[in-house]
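Structure first, then comments.
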Amino acid sequence: MPPPTDLLLPSDPSQRSIARDLYALVRDRPLISPHGHVDPAILAEDRPFPDPAQLIIVPDHYLTRMLLSQGVPPARLGVPSVNGEPVQTDGRAIWRLFTEHWHLFRGTPSRLWLEQTFRDVFGVETALRPATADEVYDAIAARLAEPEFRPRALFERFGIEVLATTESPLDDLHQHAKLAADGWGGPGGRVITTFRPDNVVDMEFDNWAGNVRRLGEVAGTDTGTYAGYLEALRRRREAFIAAGATSSDHGHPTARTLRLDTVEASALYAKGLRGEATAADAEAFRAHMLVEFARMSIDDGLVMQLHPGAVRNHNRWLHATHGRDVGGDIPQATEYLHALTPLLDAYGNDPRLRVVLYTLDEYTFTRELAPLAGGYAALYLGAPWWFLDSPEVLRRFREAVTESAGFYNTAGFVDDTRAFCSIPVRHDVARRIDAGYLARLVAEHRLPLDEAAETIVDLAYHLPRRIFKLER
Amino acid sequence: MPPPTDLLLPSDPSQRSIARDLYALVRDRPLISPHGHVDPAILAEDRPFPDPAQLIIVPDHYLTRMLLSQGVPPARLGVPSVNGEPVQTDGRAIWRLFTEHWHLFRGTPSRLWLEQTFRDVFGVETALRPATADEVYDAIAARLAEPEFRPRALFERFGIEVLATTESPLDDLHQHAKLAADGWGGPGGRVITTFRPDNVVDMEFDNWAGNVRRLGEVAGTDTGTYAGYLEALRRRREAFIAAGATSSDHGHPTARTLRLDTVEASALYAKGLRGEATAADAEAFRAHMLVEFARMSIDDGLVMQLHPGAVRNHNRWLHATHGRDVGGDIPQATEYLHALTPLLDAYGNDPRLRVVLYTLDEYTFTRELAPLAGGYAALYLGAPWWFLDSPEVLRRFREAVTESAGFYNTAGFVDDTRAFCSIPVRHDVARRIDAGYLARLVAEHRLPLDEAAETIVDLAYHLPRRIFKLER
Amino acid sequence: MPPPTDLLLPSDPSQRSIARDLYALVRDRPLISPHGHVDPAILAEDRPFPDPAQLIIVPDHYLTRMLLSQGVPPARLGVPSVNGEPVQTDGRAIWRLFTEHWHLFRGTPSRLWLEQTFRDVFGVETALRPATADEVYDAIAARLAEPEFRPRALFERFGIEVLATTESPLDDLHQHAKLAADGWGGPGGRVITTFRPDNVVDMEFDNWAGNVRRLGEVAGTDTGTYAGYLEALRRRREAFIAAGATSSDHGHPTARTLRLDTVEASALYAKGLRGEATAADAEAFRAHMLVEFARMSIDDGLVMQLHPGAVRNHNRWLHATHGRDVGGDIPQATEYLHALTPLLDAYGNDPRLRVVLYTLDEYTFTRELAPLAGGYAALYLGAPWWFLDSPEVLRRFREAVTESAGFYNTAGFVDDTRAFCSIPVRHDVARRIDAGYLARLVAEHRLPLDEAAETIVDLAYHLPRRIFKLER
């Protein structure tokens, strides 16, 4: 690794000096990545990465949506289409087009992540700009051909202690089986899975009924009844736990929870299978299932992660042309207090349950999230997520939630990324911002240096290990 | 008092230097405490305080809820139960258990308040940590046995000019009578009361109908009719004014106001007495009574304080086990603009009315609160409240509201505390934050130093005295 | 101009030094003012300004509302009444009364704007305070009598490259015709108009039906039918474009948009003409017309500006006494995501459309506005508006929106003012704040200095020219 810089540290001299010392304590700590979207095949198969554009630009919707916002269609950046629209496939052409718009990213985390990745991962010191596009492309392409840049080698070089990927219950987890067979996966392994059941829980998901049928096949139960459906979910959770999973993940439009009795839930489920569920029915069923999953978590120990607030596929043209997860989702206002009441009434004070709450709506930090996490044993606050996964918001998160929830009701950083090569820089950014925040507390005599030092190590390492049950 | 420190002052050298000078102007100013929850018996009876745990930990729900959030039940910290659950009574055991979790409070105002109270009030320089728990406990216990640490002696040492407690209209105010008899209370006295009628206004309050009956008895009117009810409230307000009250206080779930005519209000009142009021009826009656109280305020001069936005007893298990006011309340989103319209249409431009608005929802600062306070003669903004009573939010409050409302539509700091010994540090924190904010304005050439100097004294002293009618 | 000061630049030495350099790059750049409310008669007629009070205090509701908030009625400040209430007309008396309350403005942008205007525009170095009221008044009055202080002379001295005023479709644009005849107006001219159709679109506007009738007369069509109404709007847009307009402006209570078919829209329109439209009808028609105007914009090229969120005439007494636009409007919570969906579904990805979104609700910056602007080709973010047009919010705007939307989805500063003499200082404040924000990025190694330098010039000059189509 290159020598440490003052990137993102406060410029006030007294704060910067303290921040440097604090950052030094965590700079080389192993990375704990309990929530992300890296494809496990990358590590299971350990093949060389594709060309720089296919690796870095095409799959990163932070990048393609920014160019879309300035009128550059994703097809020109190689984003695969779902409707037959032809797309650019030449990596160098994609790279050049992207580089022409590099100035759009000034002040964004994408800019930081890419610059640091070029420098720290690929050793490219040349600054990206239109005139250097080819030079940077070629340098990265050359590295990608080297064995030291194969995924497992990078995993080790990055110092990742554990990485959780995310799979649907319909996934047969064969990539994780391969990883386990290679000594990389399984319980306590370096690469583990996460149970993400949205596509069998959300009746508004494409082909929910078909998914539920497949769930029965994968689990070996009859999901034609609600009881069989619950049993299938339980069995899949067992299989995920056997593949190393320590947590589940739930991406809902809202945080609403609801307790239905078995008769009500069964009726709703049957209605869904008949294709007659309304939007309100779908919302009620999702809400009910969160409480149901909380109950299962108390039994089997999976940590629940709740990611509410994204309106999926808001950009309809983009969805029609390129499908899901290409940058067309937008956050909406999210209410937590009343939404979570049924779940909290049931299990909120039970320390056997752990629910990590994320948000896309920072305007709930002091009003709802911090008071809830600081008042219920089951609740923890996840790191700022997605649009909020940025230096300014990471700082505002600490400034907002610490005073009511402290540091120890927060769950540590998660990188939430599918961009494998960006994992180190994302954690590094969070560590730098925490160092700066703690340095301000020290410089303002609000926390002694020794406690700030202990805290930053907890935030970077011990807390995520403990809360996500990743201690070996 | 020990020498001043730079606690909470900005670390930027030019700002810090200015902030020191500004802070020095208010550091020793008398404390004006127009809103708080100290038990008047403490000062009326002037008995020695109990042991350190019973004084400092057991009644402070900021502390017990944080430990609850990490799975430590309040019973183990001595919080009295209402359902027969046995609770810890040994002060030293409570203290030790608390100290084991001291790290949870890093970065919280509770940490600041306790540390400064230990140091400045009790003269204990030893830093609290598990290994020093007994030493700190014994040192505080020793002080508490000394006559200089009796409540009235501390009151004088703290430099409190006036302290308002809060009582229900059902209270016979005998403690305030005792204080008046001792030369400490009554109109213009050092300890005064505040008229807080929630338990006879809110039909959803435990035993509202019984409370209303008792109100009639205390006031000597028949509260079986709405007219008699209003008359009883008027008489109790008179009695409170005679006991020194200059303000009323209203803690409602929302800020909603409503003007009903007498026929409608009477019908709603009768419905409530018959036990038939719905949640909507209760909300309407609370809303109506705020307008009614505004009218009374114009007549009798009491300043109205409006505290909306707390969902009381959200943690149902905590409420069932330990009752009210033990940390189970959580804020909800609060709308002010439309909610206050009926009240403002009626009296918003009448300078005889003063309504001090508080909030638990800082995401209304620039959108609603500052524009309202900067546009209606009757409105003032109260200090950030409860979960928001913290260094970061006090700073954000100034940064957010000053630009639309200025300084002179804010009502000054209120400590809002039942923890008597923490009163000085709470005011001190607000004074330091204001010094830092004003120092930034000066350092950025936005305000000349002499005007900043005048402003900080106004904020700390003159404004609360004037707005709460505490000038002698 | 006087030498540059460090006003509003960050006090941290390393940031300040960088900020000075960045600010120097834009300090003397021409002013682009694509959105404001200066009366075009001022520049068309070029008469001397009235006395200082009539020029500076009477028409500025930022000033009169602050004094109202402290109980000083607007009539005493000379604000014209609509109900026969007598008002102060003596400029000096108004000025003195205002000056007595000067302290109310500490920490507000009004204070900054006035101080800098006194100094930089009028050359008055004496600080305003009650004792100097007459001296400052006389000095300004003396300047106003000089030919160098006539509007066109000031326009040139201010370095304004282009100024857009705002007119209703009912306006015959004769002032703009005069300006064009004098070589000051017309397409590509120095003073242009903006098409603001609220009074013929909003059925809740005073005398909407009468306005629509007059619209037909002005446009020479029969607005008795919906088709004729659309045709009239199209013709007026043509006339505005001929008078130099490059944008339209839409001030709605909400951001709601809606697509009605012609039959539905015609029925709603007819209902409105019959005086039978409900509030919901009026909202639906406004919402529909936004989509209609977007379609027209794609045809005729006008940039759309959307200003939602003001509750007009909230202060009913003020409205009854003094009419519209005198400080009685208050912001309300504004939802963008779902509100804009119909418009975005129709045209959101069409780069021929430009919609500049403004807000009075900063608690949408990271949740909705930045993700929307960073994801749709048609959307740009306008500068913080009205209550938010202030140093702190300008800074928070950059801190909040840049990370998701970058700099290049923001539309540059607009002064939005009717106070002609305050135009330079308002732009200057924005340039200083941007310099400070960019300086922090540089000082924290998040952006190289050369790119920050390019960015600040873009923000101050190139972006508003390009986005508002003001390039010559």
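Residue numbers (numbering that gives the first Met the number 0), protein chains in the order written: chain A, 0 to 471; chain B, 0 to 471; chain C, 0 to 471.
Even for Gly, the Cβ is constructed at its ideal location relative to N, Cα and C.
Please read all numbers here as calculations on a predicted model, not as lab measurements.
Limits of the unbroken alpha helix (DSSP H) element including residue i
i, result
"A:Met303", "It is not in any alpha helix (DSSP H) - A:Met303 instead sits in the beta strand (DSSP E) that spans 302 to 307."
"A:Leu462", "462 to 466"
"B:Phe406", "Taken as a continuous stretch (DSSP letters only), B:Phe406 belongs to no alpha helix (DSSP H), as it is neither H nor E."
Exposed unless 16 or more other CB atoms sit within 10 angstroms - verdict on residue i
i, result
"A:Val262", "exposed"
"A:Met0", "Annotation note: pLDDT 44 at A:Met0 (below 50); position unreliable, no value reported."
"C:Val161", "buried"
"B:Asn314", "buried"
"A:His173", "exposed"
"C:Asn206", "exposed"
"C:Val302", "buried"
"C:Asp298", "exposed"
"C:Pro168", "buried"
"C:Thr277", "exposed"
"C:Gly122", "exposed"
"C:Asn210", "buried"
"C:Gly184", "buried"
Terminal residues of the beta strand (DSSP E) in which residue i lies
i, result
"A:Ser247", "246 to 251"
"A:Ala163", "159 to 163"
"C:Val355", "354 to 356"
"B:Leu21", "Element bounds for B:Leu21: not the beta strand (DSSP E) but the alpha helix (DSSP H), 12 to 25."
"B:Tyr379", "378 to 380"
"A:Ile55", "It is not in any beta strand (DSSP E) - A:Ile55 carries neither H nor E in the DSSP assignment."
"B:Ser32", "30 to 32"
Own chain partners of residue i with C-beta closer than 7 Å, once the 5 adjacent residues on each side are dropped
i, result
"C:Thr454", "Phe406, Leu437"
"A:Glu99", "Pro129"
"A:Asn86", "The sequence shown places Val at residue 86 of chain A, not Asn. Taken in chain order, the residues that qualify are Ala74, Gly77, Val78, Pro79, Ser80."
"C:Ala18", "Leu8, Pro9, Ala434, Gly435, Ala438"
"C:Ala266", "none"
"C:Gly327", "Asn312, His313, Asn314, Leu317, His318"
"C:Thr256", "Ala286, Leu289, Val290, Ala338, Leu339, Pro341, Leu342"
"B:Arg431", "Leu6, Leu7, Leu8, Tyr22"
Same chain only: Cβ atoms within 6 Å of residue i, ignoring 5 sequence neighbours per side
i, result
"C:Gly403", "Before going further, note that residue 403 of chain C is Ser rather than Gly in the sequence given. Closer than 6 Å at the Cβ level, and outside the excluded window around C:Ser403, lie Ala369, Pro370, Gly373."
"C:Val355", "Gln304, Tyr379, Gly381, Ala410"
"B:Arg439", "Gln14"
"A:Gly188", "Gly243"
Contacts around residue i, its chain only, beta-carbon distance under 8 Å, and the 5 residues preceding and following it disregarded
i, result
"C:Arg234", "Ala218, Gly219, Thr220"
"C:Thr416", "Gly35, His36, Val37, Ile422, Arg425"
>> Which residues of the segment 360 to 376 of chain B have a Cβ closer than 8 Å to any Cβ of chain A? Give them in chain order.
In response: Result list: Asp360, Glu361, Tyr362.
>> Under 9 Å, CB to CB, which of the residues in the segment 298 to 318 of chain A have a partner in chain C?
In response: The segment 298 to 318 of chain A vs chain C, Cβ under 9 Å: Gly308, Val310, His313, Asn314, Arg315, Trp316, Leu317.
> Of the residues that make up the segment 322 to 349 of chain A, which ones have a beta carbon closer than 9 Å to any beta carbon in chain C?
Replying inline: Those would be Gly326, Gly327, Asp328, Ile329, Pro330, Gln331, Ala332, Thr333, in chain order.
> Does the segment 130 to 138 of chain B come close enough to the segment 424 to 444 of chain B to have 3 or more Cβ pairs within less than 8 Å?
Replying inline: Too few Cβ pairs lie closer than 8 Å, so no.
> the segment 16 to 50 of chain C: which residues have C-beta closer than 7 Å to a C-beta of chain A, in chain order?
Replying inline: Among the residues of the segment 16 to 50 of chain C, none has a Cβ less than 7 Å away from any Cβ of chain A.
> What residues from the segment 256 to 282 of chain A come within 8 Å of chain B, judged by C-beta to C-beta, listed N to C?
Replying inline: For the segment 256 to 282 of chain A, which is checked against every Cβ of chain B, not one residue is closer than 8 Å.
> Going along the segment 384 to 415 of chain A in order, which residues come within less than 9 Å of chain B, judged by CB to CB distance?
Replying inline: Hits within the stretch, in order: Arg397, Glu398, Ala399, Thr401, Glu402, Ser403, Ala404, Gly405, Phe406, Tyr407, Asn408.
> Can you list, in chain order, the residues of the segment 417 to 440 of chain B whose Cβ is nearer than 8 Å to any Cβ on chain A?
Replying inline: Within the segment 417 to 440 of chain B, no residue has a Cβ that lies closer than 8 Å to any Cβ of chain A.
> Taking three-plus beta-carbon pairs below 8 Å as touching, is the segment 146 to 163 of chain B in contact with the segment 31 to 47 of chain B?
Replying inline: Counting Cβ pairs under 8 Å, three or more are found: they touch.
> Is the segment 347 to 362 of chain A close to the segment 340 to 352 of chain B, with three or more CB pairs under 8 Å?
Replying inline: With the cut-off at 8 Å, the segment 347 to 362 of chain A and the segment 340 to 352 of chain B do not touch.
> Are at least three pairs of beta-carbons, each pair with one atom in the segment 65 to 72 of chain A and one in the segment 383 to 392 of chain A, less than 8 Å apart?
Replying inline: Segments in contact, no.
>> Does the structure place the segment 41 to 50 of chain B close enough to the segment 150 to 157 of chain B that three or more beta carbon pairs sit under 8 Å?
In response: Because the criterion of three Cβ pairs below 8 Å is met, the segment 150 to 157 of chain B and the segment 41 to 50 of chain B touch.
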